[in-house]
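Numbering (the UniProt record's numbering), first residue to last: 1 to 149. Heads up, the thing below is written out as structure tokens.
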């Protein structure tokens with residue numbers, strides 16, 4: 001198996017696990033809103049344009065999600081100190097709890113499957129460690145090495 005095959009398998013399989021978990025969990029709100037909450041948690045108070053880019057959606061789509069979340073008391077908009085015309089979106093305490101609840105729901109959907117895997121928790125921990133390294137590389141925005149260079 002080539003490195004390219006491994007990369008494709010990693011992307012394909014991680015997407016399938018994520019999709020399966022989302023289908024088998026009820027976060028109490030649309031998953032699109034959960035994603036916005038997750039981006040706000042990760043980025044801190046951010047403009048809607050930043051959240052849209054993080055979620056790979058349009059600004060109007062993200063604006064609509066933020067408006068729903070704000071109406072539900074899960075986020076709040078405050079003036080952007082760098083630009084008086086803009087606002088930043090931040091999590092409220094209720095938003096943090098809603099995000100934690102959604103994550104618990106997804107984890108609960110996957111837990112029975114993990115319990116049945118060969119190798120036990122150590123094997124799962126090794127996979128998680130590897131994925132954390134990959135995410136750290138992504139978040140550091142490291143340039144991707146060119147194969148054969």
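Glycine is no exception: its CB is placed at the ideal position from the N, C-alpha and C atoms.
Put simply, of 110, 124, 132, 121 the residue whose alpha carbon is nearest the alpha carbon of residue 16 is 110. The three-state secondary structure of residue 87, taken from DSSP, is strand. In the three-state DSSP reduction, residue 101 falls in the helix class (H, G or I). DSSP places residue 78 in the uninterrupted beta strand (DSSP E) bounded by 75-80. Taking a 10 Å sphere around the C-beta of residue 65, we find 16 or more other C-beta atoms and assign the residue as buried.
If you look at residue 71, you'll find it in the alpha helix (DSSP H) that goes 59-71. Residue 34 holds the alpha-carbon nearest to the alpha-carbon of residue 105 among 34, 4, 10. Taken atom to atom, the span from the alpha-carbon of residue 25 to that of residue 101 is near 10 Å. Here the alpha carbons of residue 12 and residue 6 stand approximately 10 Å from one another.
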